[in-house]
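If you want this note's numbering, it's the 1-based position in the sequence shown plus 662. The beta-carbon is built from N, C-alpha and C at its ideal position, and this holds for glycine as well. Heads up: the structure comes next, in structure tokens.
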Amino acid sequence: MSRSPRRDRALARGLAALLLLGAHHASIEYRPAFALWSIGRPSPWSWAPQSALFALQLLALAMLLSRWTRAAAAAACAVIAALYATVPATYHNNHYLLWLLLLLVAIAPTGAAARVDLSRALRWQLSLVYLSSVVVKLAHPWWRGTGSIIRWLATTRAPEANPDALLSRALSPLLSIPWTSQVAELSVTALEVALPLGLCLPRTRTLCVVVGVLLHISMQEWLFPQLFTFLMLLGYFAWSPADDRAWTLSLPRAPDARLARAFDLLDPLARLRVVASPDHLRASLTDPSGRSFHGLGAALRLSLLTPHTVVAYAALSLLFPEFRSLGPIPRDAFENLLVAALLLAFAATSHHRALGLPGRKSSHPTC
């Protein structure tokens, strides 16, 4: 895969958006911990944790809206480290992964002479996440095929953290059974070994992308909102082609300047070629193999081509965590139903193997 400053820029901005959402979510999630920490401290100092999260949101906006992306990412790393040192209760693996990815944005080399760009650095880092998870599991007796952690998640953690989720209610009783929890644990460990290896091979990359995405979506919908899911989903776009214009969006009339600008914003990886087809009465999307899609099928495939989809998914889960219901429908149940409906709609409109997922067979990135 050739270098793509456009892809690196899209990944950096995607991380900035997730930083913004994560800092907002943390400001609500850690409010009790901050209140406890502030007891007995003078007034200006007692607001330090909240001020740090506010600073992270400002730095995220700087990464999104200014040219100082690398400097803002470096400053965000410093703020996160200072927050951890000040209030250790805020440490979480999700935030540590965010810190690592922001650090890569800050230090990844740029320019044609650089041997490692941001996309390649992210590919290596996400592969290490999977492999280090396997090492941790093998080093801990609770993870050595006993299923103990899976059963604890099913019987205690998931019902407490995600009580209204439909998937949690359906899966937790099943995963509470000893043999099913053991099978689930061994399957996840096997996938964490296979995914980083399979993503390096062009022949297996598409399959690994599909399996990895479904794995993280299922964990998100079963358990509780966690930044880790969205960081990993965004990271899969590091394997995506860019600047190829391999997909064709045909419109009944030529787009004006404003619409063309909107398409550029929605297609940060430059996967789309927008053309005018006056002979057609409705828009259509044609994939690299020549297969055309209309309506919902086209919209779903467009969502696979842009990191904005991950940010929208993260916003659905992380934005305004204090609101636990949408009218009469529990928020977690609504998210379960929406994600399931989109997956089923995608399956129903899939009639061809060449779906052009990030890391399709025709792409050849190196690890």
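Per-residue DSSP class, three states only, for residue 805
The count along the sequence shown starts at 1 and reaches residue 805 at position 143. Helix, per DSSP.
To the nearest whole angstrom, what separates the beta carbons of residue 932 and residue 904, a pair I think is in contact under 8 angstroms?
Residue numbering aside, residue 932 sits at position 270 when the sequence shown is read from its first letter. Residue numbering aside, residue 904 sits at position 242 when the sequence shown is read from its first letter. Sure, about 6 angstroms apart at Cβ, within 8 angstroms.
Could you tell me if residue 925 is buried or exposed, where buried requires 16 or more neighbouring beta carbons within 10 angstroms of its beta carbon?
Residue 925 sits at position 263 when you count from the first residue of the sequence shown. Residue 925 sits exposed, since fewer than 16 C-beta atoms from the chains shown fall within 10 Å of its C-beta.
Here's a check: name, in chain order, each residue in its chain whose Cβ is nearer than 8 angstroms to the Cβ of residue 993, leaving out the five neighbours to either side.
As a first step, residue 993 must be located in the sequence shown, where it is residue number 331. Here the set comprises 826, 985, 986, 987.
Candidates 833, 891, 747: which alpha carbon is nearest residue 760's?
Taking the first residue of the sequence shown as 1, we reach residue 760 at position 98. Looking at 833, 891, 747, the one whose alpha-carbon comes closest to that of residue 760 is 891.
Return the first residue and the last residue of the alpha helix (DSSP H) that residue 948 is part of.
Here residue 948 is taken as the residue at index 286 of the sequence shown, counted from 1. Careful: residue 948 lies outside any alpha helix (DSSP H), inside the beta strand (DSSP E) at 946-948.
Considering only residues of the same chain and omitting the five flanking positions on each side of residue 1017, which have a CB-CB separation below 6 angstroms?
To locate residue 1017, count along the sequence shown from 1; it is residue 355. In this prediction, residue 1017 has a pLDDT of 44, which is less than 50 and means its spatial position is unreliable; what the coordinates show is noted afterwards. Hits under 6 angstroms: none found.
In this structure, what does DSSP give as the bridge partners for residue 909?
Taking the first residue of the sequence shown as 1, we reach residue 909 at position 247. Beta-bridge pairing links residue 909 to 934.
Span of the alpha helix (DSSP H), counted from its first residue to its last, around residue 683
Along the sequence shown, one-based indexing puts residue 683 at 21. That run of the alpha helix (DSSP H) goes 667-691.
Would residue 998 be called buried (16 or more neighbouring beta carbons within 10 Å of its own) or exposed?
Residue 998 sits at position 336 when you count from the first residue of the sequence shown. Around the CB of residue 998, 16 or more other CB atoms lie within 10 Å, so the residue is classed as buried.
Fully enclosed by the stretch 924-1007, which beta strand (DSSP E) runs are 3 residues long or longer?
Inside the stretch 924-1007, DSSP marks whole beta strand (DSSP E) runs of 3 or more residues at positions 934-938, 946-948, from first to last along the chain.
With 16 other Cβ atoms within 10 Å as the buried cut-off, status of residue 1000
Stepping through the sequence shown from its first residue, residue 1000 is reached at position 338. The residue in question, residue 1000, is exposed, as its Cβ has fewer than 16 Cβ neighbours within 10 Å.
Does the stretch 812-830 come close enough to the stretch 880-887 to have 3 or more Cβ pairs within less than 8 angstroms?
Touching, yes, given that three or more Cβ pairs across the two stretches are closer than 8 angstroms.
Smallest Cα separation from residue 958: which of 952, 976, 991, 1003?
Reading the sequence shown from its first residue, position 296 is the one you call residue 958. It is 1003.
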